[in-house]
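Q: All residue numbers for the sequence shown refer to our numbering, where the first residue is 1 and numbers rise by one. Got a structure for you, questions after.
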Amino acid sequence: MKHVLFLSYDGLTDPLGPSQIIPYLAGLTRFGYRFTIVSFEKQQAYSEKKTLVQKLLEGVAIHWVPLWYHKNPPIISSLIDYRAMKKQAIRIFKQDPFLMVHTRPGLPELAATEIKKKTGIKFFNDVRGFWADERVDGGMWNRKNPLFNMVYLFFKRNEKKALINADGINCLTRAARREMLSWPFLNGREISVVPCSADLQLFDPARFSPLQKSEIRKKLNLQTDNQVFCYLGSIGGWYLTGEMMKLCKKISQQIPKAKFLFISPHRHDVILDAASKELVPAEKIITVHANRNQVPEYLSIADYALFFIKPCYSKISSSPTKHGELMAMGIPVITNTGVGDVAEIVRESNSGILIESFDDTGMDKAVNEILTLKFNRESIRESAFTFYSLDKAVQTYRQAYDKILG
């Protein structure tokens, strides 16, 4: 089997590990590839999820090398991690030579450029986000600060270098590919697109009988006439909690029996505070924790799903994992434009309601569409196979791998 090194500055015990790293690589092992994954783990997540990840890796040709992620002090901690990443990669190469390094953005692509220079191996640059620009747009790097501006410019230079030196390039969205092909130094390069795919077997509404859904509604103290609007995922950061709650208020005014279910791993207090600020009654808000296998149960009772993401330059490269999972469950979404391919997909599949602006005009238009439009849930699920199939994603990666490695 052909040995590939996968470098990730995200941890396998982070939420992206089980959903957006392991499934792809496990799929590729069926086609003659084996992997060593070097990832950077947060200590609490590692202690809680290590066993789960190990079970996911059982029986597949994937060897996992976890390293500790360092958060502080800023910049210096990243330099420490970068050095550890390169050192570990070279150690692996000497012990068990790999033919290619496959990276996620940020420090890994910089390390891959150096590893390729030293060893002559191939390099597959998986641009799953405009990493440096995300840190500026997200407020993590203030370019008015000379130090952070210097760091930003350093990464932009090296991102360009990594793209030029890559033997293959992938990105998450068609919007990102269009943007990248406008860059003169990439004009004419082949760039594949693999969105954040969904597990269409796990996220399948047919798994839940009417009785099971009735029991879930009972568990959440929902009446049969309560219409359920759900939110799935983390709170804060790119996700516009205040704007979402503003829409919840308008929905509540027009649909008195509406309830708002937030399936979120943490920060439930922030959800309730946002509801209080918008005068959404606390009894209309339901917050639950759920592991990955429990999420489809809660989604099975949702009439609509809601998510707003900050629309900015870096988000054209973003493919929200939740979108594929919600479509797989046949749930129409209420979301905003300006994020990756989400709006294109919603329009092409007639699978939800798009908000162009977060002012009263945009919100009122969305509420009116909730009251008047009808959606075919079976058709929405079928569209998930078109846009977010894991099997299609694995085949796209396989074609890229085969082209690079022969």
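Backbone N, C-alpha and C define an ideal beta-carbon position, used for all residues, glycine too.
Determine the extent of the alpha helix (DSSP H) in which F387 is found, giving its start and end residues.
A: Taking the sequence shown and counting its residues from 1, one reaches residue 387 at position 387. Counting along the chain, the alpha helix (DSSP H) containing F387 begins and ends at R377 to F387.
Q: For G11, which option in R207, Y33, Y46 and L5 has the closest C-alpha, if you only look at C-alpha atoms?
A: By one-based count along the sequence shown, residue 11 stands at place 11. Looking at the Cα atoms, Y46 is the closest of the given residues.
Q: Between which two residues does the alpha helix (DSSP H) carrying W64 extend?
A: Counted from its first residue, the sequence shown places residue 64 at position 64. No alpha helix (DSSP H) contains W64, which is instead part of the beta strand (DSSP E) from I62 to W68.
Q: Which residue marks the beginning of the alpha helix (DSSP H) containing G362, and which one marks its end?
A: As a position in the sequence shown, residue 362 is number 362, starting the count at 1. Looking at the DSSP string, the run of the alpha helix (DSSP H) that includes G362 is D360 to T372.
Q: Sorted by chain position, which residues of the same chain lie with C-beta nearer than 7 Å to A132's C-beta, five sequence neighbours on each side aside?
A: Taking the first residue of the sequence shown as position 1, residue 132 is located at position 132. Closer than 7 Å at Cβ, skipping near neighbours: Y152, F155, K156 and E159.
Q: So, using beta-carbon positions, are I169 and L181 closer together than 8 Å?
A: Position 169 of the sequence shown, counted from the first residue, corresponds to residue 169. Position 181 of the sequence shown, counted from the first residue, corresponds to residue 181. Not in contact: I169 and L181 (Cβ atoms no closer than 8 Å).
Q: Could you please give the first and the last residue of the uninterrupted beta strand (DSSP E) stretch that includes A305?
A: Along the sequence shown, read from residue 1 onward, the residue named residue 305 stands at position 305. Segment Y304 to F307, the beta strand (DSSP E) holding A305.
Q: Tell me whether S182, by its Cβ, gets closer than 7 Å to a heavy atom of the ligand SAM.
A: Ligands are entirely absent from the displayed structure, and the ligand SAM is therefore not among its contents.
Q: Do T13 and V60 have their C-beta atoms closer together than 8 Å?
A: As a working note, residue 13 is residue 13 in the sequence shown. As a working note, residue 60 is residue 60 in the sequence shown. Cβ atoms of T13 and V60: not closer than 8 Å.
Q: I need the straight-line Cα distance from G413 to E179, nearest angstrom please.
A: As displayed, the chain neither begins before 1 nor continues past 406, which places residue 413 out of reach and without an answer.
Q: Express the C-alpha separation of A111 and K2 in angstroms, rounding to a whole number.
A: Position 2 of the sequence shown, counting from 1, holds the residue named residue 2. Position 111 of the sequence shown, counting from 1, holds the residue named residue 111. Rounded to the nearest angstrom, the two C-alpha atoms are 21 Å apart.
Q: Check whether the segment 204-224 touches the segment 290-303, counting contact only when three or more Cβ pairs, one atom from each stretch, lie closer than 8 Å.
A: Yes, since at least three Cβ pairs between the segment 204-224 and the segment 290-303 fall closer than 8 Å, the two stretches touch.
Q: Which of helix, strand or coil does DSSP assign to Y397?
A: What you label residue 397 is simply residue 397 of the sequence shown in a count that begins at 1. Looking at Y397 - three-state DSSP - the assignment turns out to be helix.
Q: In angstroms, rounded to a whole number, what distance separates the CA positions of F40 and R104?
A: Numbered from 1 along the sequence shown, position 40 holds the residue referred to as residue 40. Numbered from 1 along the sequence shown, position 104 holds the residue referred to as residue 104. Computed Cα separation, rounded: 12 Å.
Q: So, for R177: in the same chain, excluding its five sequence neighbours on each side, which residues have a beta-carbon less than 8 Å away from its beta-carbon?
A: For the purposes of this step, residue 177 is taken as residue 177 along the sequence shown, with counting starting at 1. Hits under 8 Å: C171, I191 and V193.
Q: Whose C-beta lies closer than 8 Å to the C-beta of Y313 among residues of the same chain, with five residues either side of it excluded?
A: Counting from 1 along the sequence shown, the entry for residue 313 is found at position 313. Here the set comprises F130, D133 and D137.
Q: Excluding the 5 residues flanking S319 on each side, which residues of the same chain have their C-beta closer than 6 Å to its C-beta?
A: For the purposes of this step, residue 319 is taken as residue 319 along the sequence shown, with counting starting at 1. Closer than 6 Å at Cβ, skipping near neighbours: L172, T173, P195, C196 and G340.
Q: With a Cβ-Cβ cutoff of 8 Å, do L306 and I286 count as a contact?
A: In the sequence shown, counting from the first residue as 1, residue 306 sits at position 306. In the sequence shown, counting from the first residue as 1, residue 286 sits at position 286. No, they are not a contact pair.
Q: Do three or more CB pairs link the segment 393-403 to the segment 357-369 at distances below 8 Å?
A: Contact between the segment 393-403 and the segment 357-369 is absent, because fewer than three Cβ pairs lie under 8 Å.
Q: Which residues in the same chain have their Cβ closer than 7 Å to the Cβ of S389, if we skip the five residues on either side of it in sequence?
A: Within the sequence shown, residue 389 is the residue found at index 389, counting from 1. Only S197 and L200 meet the Cβ criterion.
Q: Return the residue from the list I121, P73, S77 and S19 that minimises the CA-CA distance to A393.
A: Position 393 of the sequence shown holds residue 393. If we check each option's Cα against that of A393, S19 comes out closest.
Q: Run through DSSP, which three-state label would T103 get?
A: For the purposes of this step, residue 103 is identified with residue 103 of the sequence shown, where counting begins at 1. Strand, per DSSP.
Q: Give me the Cβ distance between A343 and L326, rounded to the nearest whole Å; I'm assuming they're in contact under 8 Å.
A: Here residue 343 refers to the residue found at position 343 when the sequence shown is read from its first residue. Here residue 326 refers to the residue found at position 326 when the sequence shown is read from its first residue. About 15 Å; that fails the 8 Å criterion.
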